[in-house]
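Right, one structure below, let's go through it.
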Amino acid sequence: MRGFNPTLYFPGCPSRYVDGVGNLAPGWRERDSSALSIRFERVDVPGAVISGEPVLLLCEYNLEGAELYSVKWYKNNVEFYRYLPSDAPPGQKYDLVGLYVNLSKSNHNRVYLDRTDLNSEGTYGCEVSTEGPEFRTIIFEKDLNIYVTHTKLHTRKVIAASINTNVLVMKHPSDAMGDLVATAITTGYVE
């Protein structure tokens, strides 16, 4: 680990080895205290995504001569994707609300989500394990937040079944997030 600079690989998120001695940084969890022969090279879980946008989750690692057993991805500690080289096919997805995994764009280093929604928000973890007899495992976790863009409200009148109703129509991005919107909806008979 000599010369390893965490800020080069994980901007804003320290690497597994903070001081080169093995002290764990926030966001890192080690399942096996002897897991010194594997390490992450680059992990990317975006911190914020606009709802509806696709997401690429990256998990690049160095097994330092060991054989890969599995790469697993979790959302809030629930497995949603696994890659086992010994399986056919090696990549498998598990249905989880808010996760739209594209298997053809996913592999042992990446998981591609075709789109996101508010249910996609959570803590994502990439777990890498080596083959036996040691079965060494490391995991990286990071929160992914989903945002909905604020939209400008317009009204239009609709007359149907003798009722005059103001209908709210969501259009065009506008003001800052958190702005309050007040509206009144009235109904009545049309003469």
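Quick note on full-length UniProt numbering: the sequence shown kicks off at 1 and runs consecutively. Cβ coordinates follow ideal geometry from the N, Cα and C atoms, glycine included.
Range of the contiguous beta strand (DSSP E) that encloses Arg82: Position 82 of the sequence shown holds residue 82. Start and end: 78-83.
Limits of the unbroken beta strand (DSSP E) element including Tyr147: Walking along the sequence shown from the start, residue 147 turns up at place 147. From DSSP, the beta strand (DSSP E) with Tyr147 extends over 137-147.
Sufficient close CB pairs (3 or more, under 8 Å) joining the segment 99-116 to the segment 44-64: yes
Where Val181 falls: helix, strand or coil (DSSP): Reading the sequence shown from its first residue, position 181 is the one you call residue 181. With a pLDDT of only 49 at Val181, under 50, the local geometry of the prediction cannot be trusted, and no value is derived from it.
Ser70, DSSP secondary structure in three states: Taking the first residue of the sequence shown as 1, we reach residue 70 at position 70. Correct three-state label for Ser70: strand.
Counted within 10 angstroms of its Cβ, other Cβ atoms place Ile146 as buried (16 or more) or exposed: Here residue 146 refers to the residue found at position 146 when the sequence shown is read from its first residue. Classification of Ile146: buried, given that the 10 Å Cβ count is 16 or more.
Pick from Ile38, Trp73, Glu79, Ser129 that is closest to Asp44, judged by C-alpha positions: Counting from 1 along the sequence shown, the entry for residue 44 is found at position 44. When only C-alpha atoms are compared, the closest one is Trp73.
Inter-stretch contact at 8 Å, needing at least 3 Cβ pairs: the segment 132-142 / the segment 82-99: no
Pair within 8 Å by beta-carbon distance, Arg115 and Ala66: One-based indexing of the sequence shown puts residue 115 at position 115. One-based indexing of the sequence shown puts residue 66 at position 66. No, Cβ-Cβ distance for Arg115 and Ala66 is not below 8 Å.
Cross-strand partners of Pro103 (DSSP beta bridge): On the sequence shown, position 103 is the one that residue 103 refers to. Looking at the sequence provided, one finds Leu at residue 103 rather than Pro. Note: Leu103 sits in no beta bridge, so no partner.
Top-ranked residue by Cα proximity to Leu68, from Val148, Thr149, Pro133: Taking the first residue of the sequence shown as 1, we reach residue 68 at position 68. The shortest Cα separation from Leu68 among Val148, Thr149, Pro133 belongs to Pro133.
Assumed close pair Val128, Tyr81 - CB separation to whole angstroms, cut-off 8 Å: The sequence position of residue 128 within the sequence shown is 128, counting from 1. The sequence position of residue 81 within the sequence shown is 81, counting from 1. So it is not a contact: roughly 13 Å between Cβ atoms.
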